[in-house]
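Going by my numbering, the sequence shown opens with residue 970, and the numbers climb by one from there. We put the beta carbon where it would ideally sit given N, CA and C, even for glycine. The structure displayed is predicted, hence computed values, not measured ones. Only one structure is covered here, and it is reproduced in the block below.
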Amino acid sequence: MTIYQIGEERAEQILDLREQKLFNEFEDLIRIDGIGNEHLEAIEKKSDICFN
C-alpha cells in the first residue's frame, strides 16, 4: 500500500510516532516532519485513509 506524499522515510516516522501516541484522526499526520497544511490537503484529496 502506498499513500500519496508518504515515502519510506515518512512511513518510518509514522511507525516511530505511533509508539508514542496513536494517529486517531487524519489531522494527526501533521506530526510527521515535512507534512504541513498544504501537504495534508494534498494527501487528503488523493488518498483513501480511514481512521477507525
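Of the candidates Ile-999, Ile-1012 and Glu-994, the residue whose Cα lies closest to the Cα of Gln-982 is Ile-999. Boundaries for Gln-974: no alpha helix (DSSP H) harbours it, and the DSSP string shows neither H nor E there.
With respect to Ile-1001, Arg-979 sits close: the two C-beta atoms are nearer than 8 Å. DSSP places Leu-998 in the helix class (H, G or I) of the three-state scheme. Nearest C-alpha to Glu-996 among Glu-977, Thr-971 and Cys-1019: Cys-1019.
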